[in-house]
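Each residue of the sequence shown is one higher than the one before, starting from 37 at the first, in the working numbering.
So the structure is just underneath, and the comments pick up after that.
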Amino acid sequence: MSRTQAPRRPNKYGVQPLRKELARQRWTVAAAARQLGVEYPQLYNTVIGRITPTIHLRNALPTLLDVPLEKLFTVEALKARPRTQRARRKAGE
Numbered sequence: 037m038s039r040t041q042a043p044r045r046p047n048k049y050g051v052q053p054l055r056k057e058l059a060r061q062r063w064t065v066a067a068a069a070r071q072l073g074v075e076y077p078q079l080y081n082t083v084i085g086r087i088t089p090t091i092h093l094r095n096a097l098p099t100l101l102d103v104p105l106e107k108l109f110t111v112e113a114l115k116a117r118p119r120t121q122r123a124r125r126k127a128g129e
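Right, dumping it as structure tokens:
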């Protein structure tokens, strides 16, 4: 008897241009997360569009990659208000 997986829900903001830029510059998500001082899941979930970029990522990624913020994220992801660490803890993330 095989187990079936629940269907995955689509990511709210879609895969971000950041993903291609990291690959272009030969950064892994894990290495970029270490360099930025964030946890891997936080950066990964931002890259795939599950969560919006935090204020820290909005400030640090353009510096790390030497690319304007607007070229790393979609308009929808940037318009959304970034959640604070306190709000994420409250939500159980």
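Cβ atoms here follow ideal geometry from the backbone N, Cα and C, with glycine treated the same way.
Buried versus exposed, by CB contacts within 10 Å (16 or more), L54: On the sequence shown, position 18 is the one that residue 54 refers to. Counting Cβ neighbours within 10 Å, L54 comes out buried, since at least 16 surround it.
Where the alpha helix (DSSP H) containing N95 begins and where it ends: Against the sequence shown, residue 95 aligns to sequence position 59. From DSSP, the alpha helix (DSSP H) with N95 extends over 91 to 101.
Over the uninterrupted alpha helix (DSSP H) stretch that includes N81, give me the two end residues. Counted from its first residue, the sequence shown places residue 81 at position 45. First-last of the alpha helix (DSSP H) with N81: 76 to 83.
How many Å lie between R52 and Q61 at the Cα? Taking the first residue of the sequence shown as 1, we reach residue 52 at position 16. Taking the first residue of the sequence shown as 1, we reach residue 61 at position 25. Residue 52 is actually Gln in this sequence, not Arg. Approximately 15 Å between the Cα atoms of the pair.
Quick check: what's the CA-CA separation for T12 versus P104? It is not possible to answer for residue 12, since the shown part of the chain is limited to 37 through 129.
Run of the alpha helix (DSSP H) containing R62, from where it starts to where it stops: Residue 62 sits at position 26 when you count from the first residue of the sequence shown. Careful: R62 lies outside any alpha helix (DSSP H) and carries neither H nor E.
Grouping DSSP H, G and I as helix and E and B as strand, with all else coil, what is Q41? Position 5 of the sequence shown holds residue 41. In this structure, Q41 counts as coil in the three-state DSSP scheme.
Does any residue of chain B bring its CB to less than 8 Å from the CB of R55? Of the chains in the structure shown, none is chain B; there is only one protein chain.
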